[in-house]
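Everything in the sequence shown is counted per the numbering used here, starting at 5 for the first residue and increasing by one.
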Amino acid sequence: MKESEFIDKLRLRFNPGAQPGGIGDDCAVLAGPDGNDILVSTDMLMEGVHFRSGRFSPYDIGWKAAAVNWSDIAAMGGTPVGSFLSLALPSGLDESWADSFLEGFGAVCDAPVLGGDTIRSSSGLCVNVTVLGKIARGKALLRSGARPGDIIYVSGALGDSAAALKLLEAGENIPAGCETLLERHLRPIPRLEEGAALASSCGVHAMMDISDGVGSDLRKMLTSSGVGAEVEVAKVPLSDGLRRLCFERGWSGTELALCGGEDFELLFTADPSVKPEIPCFAIGRIVEGDGVKWTGGEKDYKGFEHF
Ligand code: ADP
Ligand code: MG
């Protein structure tokens, strides 16, 4: 069973009314006090699946657990309010591990930790974080807002994290000049300021963060919005480090950028008459219909699948 099939089953069982901003978006959107909406999201990291402790320091694990969660608040345009931190800890972790983990967790965002749970794990470290954010009522940018004619943008270069993972999985060291790729894999930066700027500007219609690759995540936005897209593959931004590595190895940078996950950049669409207020790259446009046409591409790019 695919991840999406399981989630669809769960949604039909527990949330058949498909509450806007409920299951299926980066955060749930709930009416809050003082003219705000409350944003809630949760993400889990599991040793052996999302990281291997030999390669991630405790600081990196703390950082990444925080960053992937705050990225979902950024994806709606929200401002952090607080988090809940739940840990399943294997025995044998010492105080310096805890200090370093918490240091990394807190370095991403200084919103308070409001609660959580701590248990013992019999099989590796597991970190679950729930984040709360806020945004002016009705201003959250949903995945469902893309309209035909919109330009599709990404907030930064893609594929660095996937390239670093590919090297790590092959047991290789990171070559000189490619350190930024590893940095982006270990310590992604949630685009909180950029997301909030986009949510408060006119003409931005839909947004999400890129956790599973554009090949997967753009399709989620298209399905949710009931539209299709044309992507100009040559316009997908690649960093200099990724270009250099791909040149040396004969890898396809485009494939890593579109099919690799964990970039945590923002993917958004905006009216063609609007110039977005953040640094970003136009990669295509929204059209009527469904699916993605990859102009200038070599294949039908699919993103990362968890199952
Ligand atoms: P993200 O990458 O932002 O976490 P996805 O694109 O993977 O989100 O979409 C998954 C959607 O399904 C999210 O809205 C998430 O809250 C929801 N979801 C995933 N797993 C579960 C679950 N076990 N129970 C309820 N909702 C879930
Ligand atoms: Mg997300």
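In this text, a Cβ means the ideal position worked out from N, Cα and C, and glycines have one as well.
Here the alpha carbon of Ser228 sits roughly 5 angstroms from the alpha carbon of Ser148. Contact residues of the ligand MG (beta-carbon closer than 7 angstroms to any heavy atom; chain order) are Asp30, Ser75, Asp76, Ala79, Met212, Asp213 and Ser215. Annotated three-state conformation of Asn132 is strand, per DSSP. Distances from the alpha-carbon of Ser204 to those of Asp103, Trp67 and Ala79 put Ala79 closest. A direct Cα-Cα distance of roughly 16 angstroms separates Ile11 from Asp216.
Annotation for Gly207: Ala274, Asp275, Ser277 and Val278 place their beta carbon closer than 8 angstroms to its own, counting only its chain and skipping 5 residues before and after.
Beta bridge pairing from DSSP links Thr273 with Ile156 and Ala210. Taking 8 angstroms as the upper bound for CB-CB distance, Val291 and Val231 are in contact here, some 7 angstroms apart. Under a 10 Å Cβ-count criterion, Asn19 is classified as exposed, with fewer than 16 other Cβ atoms of the shown protein chains found around its own Cβ.
The beta carbon of Asp121 sits closer than 7 angstroms to the beta carbons of Ser90 from its chain, once the five residues preceding and following it are set aside; these are given in chain order.
Shown here, Ile77 sits in a helix according to DSSP, grouped into three states. Per DSSP, Arg223 is one residue of the alpha helix (DSSP H) stretching across Val218 to Ser229. Checking the DSSP bridge columns, you'll see Ser95 has no partner listed.
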